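Structure first, then comments.
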């Protein structure tokens, strides 16, 4: 039986969509905070386990009868790292045969500006130390975040970011979810690492060109200074912590942290991941 944590989140749902299409729902369980949000999964026959990463007793109950656990990272929450540790500990107590974790494909964790990303590698180290057979999915930045970076009026304003000529091997969340599910369905409990990236690294000039092609209207990219970008966010009332994280994220892109190219995603999918132009059409509804 496979337990997917964070099951009602976007990546969790993408993973479960492929799992449900390829294995009986009776072989699947979902860890959720709010049972009401999992009503559709429950209706399909998925076993719903209620709890969160901060509740070890609930995690112990959720692990009963589970062979594989997919730990989907807890995002930007302050206690996310301890929550990850709690899931690993519960999996070990329950005798789970394999723990999978959604980490990040970043070139050099030691030189990251966005320190929030470091917790992924702290989690990896904790999993290694646990002795559990494990699978690490080091995922590149989701292509799905592009509209957040460019803003809703990008066709009028163009792209203005402090990313320089940094490149990202963007991949759609849906492609990653499909690939993660396919790996889990292999029931191979050997320890290994996948680097799930797109097949090509793209600069924001490339993103602008893709938008131009998809929209039939010229879109330009203008690199700006980080301080100017931060001041604009501040003017819009964005909280300081969000400004710091966003600028750190984009600075890491500028420094090439998100530019790794790996064939792993294409290999597992059995096809090339969605291209930038096709992804932009979907994401911006063009």
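Residue numbers (the UniProt record's numbering): 1 to 286.
Backbone N, C-alpha and C fix where the C-beta goes; we use that ideal spot for every residue, glycine too.
Quick caveat: nothing in here was measured; it's all calculated off a predicted structure.
Here's a check: name, in chain order, each residue in its chain whose Cβ is nearer than 6 Å to the Cβ of residue i, leaving out the five neighbours to either side.
i: residue 71; result: 5, 87 and 101
i: residue 194; result: 137 and 264
i: residue 287; result: This structure leaves residue 287 out entirely; the chain is present only between 1 and 286.
i: residue 62; result: 31, 49 and 51
i: residue 98; result: 68, 133 and 189
Using only the alpha-carbon positions, how far apart do residue i and residue j sit?
i: residue 285; j: residue 145; result: 14 Å
i: residue 123; j: residue 23; result: 29 Å
i: residue 163; j: residue 251; result: 6 Å
i: residue 271; j: residue 282; result: 18 Å
i: residue 92; j: residue 74; result: 19 Å
i: residue 230; j: residue 113; result: 15 Å
i: residue 38; j: residue 222; result: 42 Å
i: residue 21; j: residue 240; result: 43 Å
i: residue 237; j: residue 243; result: 10 Å
i: residue 212; j: residue 56; result: 50 Å
i: residue 43; j: residue 16; result: 14 Å
i: residue 152; j: residue 232; result: 15 Å
i: residue 197; j: residue 234; result: 32 Å
Could you please give the first and the last residue of the uninterrupted beta strand (DSSP E) stretch that includes residue i?
i: residue 238; result: Premise fails: residue 238 is in no beta strand (DSSP E) and is neither H nor E.
i: residue 155; result: Taken as a continuous stretch (DSSP letters only), residue 155 belongs to no beta strand (DSSP E), being part of the alpha helix (DSSP H) at 154–157.
i: residue 134; result: 134–139
i: residue 104; result: 98–104
i: residue 3; result: 2–4
i: residue 222; result: 221–223
i: residue 193; result: 192–196
i: residue 49; result: 47–50
i: residue 68; result: 68–71
i: residue 32; result: 28–32
Given a cut-off of 9 Å, decide if residue j and residue i are closer than it, judged by their beta-carbon atoms.
i: residue 370; j: residue 269; result: The question about residue 370 has no answer here: the residues shown for the chain are numbered 1 through 286.
i: residue 19; j: residue 11; result: no
i: residue 84; j: residue 33; result: no
i: residue 140; j: residue 169; result: yes
i: residue 115; j: residue 254; result: no
i: residue 59; j: residue 90; result: yes
i: residue 7; j: residue 41; result: yes
i: residue 215; j: residue 172; result: no
i: residue 25; j: residue 9; result: no
Would you mind reading off the limits of the alpha helix (DSSP H) that contains residue i?
i: residue 176; result: 173–185
i: residue 120; result: 118–130
i: residue 61; result: 56–62
i: residue 42; result: 39–43
i: residue 14; result: 10–22
i: residue 255; result: No alpha helix (DSSP H) holds residue 255; DSSP gives it neither H nor E.
Can you name, in chain order, every residue of its own chain whose Cβ lies under 7 Å from the Cβ of residue i, other than the five neighbours on each side?
i: residue 149; result: 161
i: residue 192; result: 135
i: residue 175; result: 265, 269, 273 and 274
i: residue 201; result: 167, 168, 169, 259 and 261
Please list, in chain order, all residues of the same chain as residue i whose beta carbon is under 8 Å from its beta carbon, the five residues on each side excluded.
i: residue 127; result: 88, 99, 101, 134 and 136
i: residue 36; result: none
i: residue 77; result: 83
Original post:
With a cut-off of 8 Å, do at least 3 Cβ pairs link the region 248–259 to the region 177–188?
Top reply: no
Subject >> At least three beta-carbon pairs within less than 8 Å, the region 224–231 to the region 239–253 >> reply: yes
Original post:
With a cut-off of 8 Å, do at least 3 Cβ pairs link the region 202–217 to the region 171–181?
Top reply: The region 202–217 vs the region 171–181: no contact.
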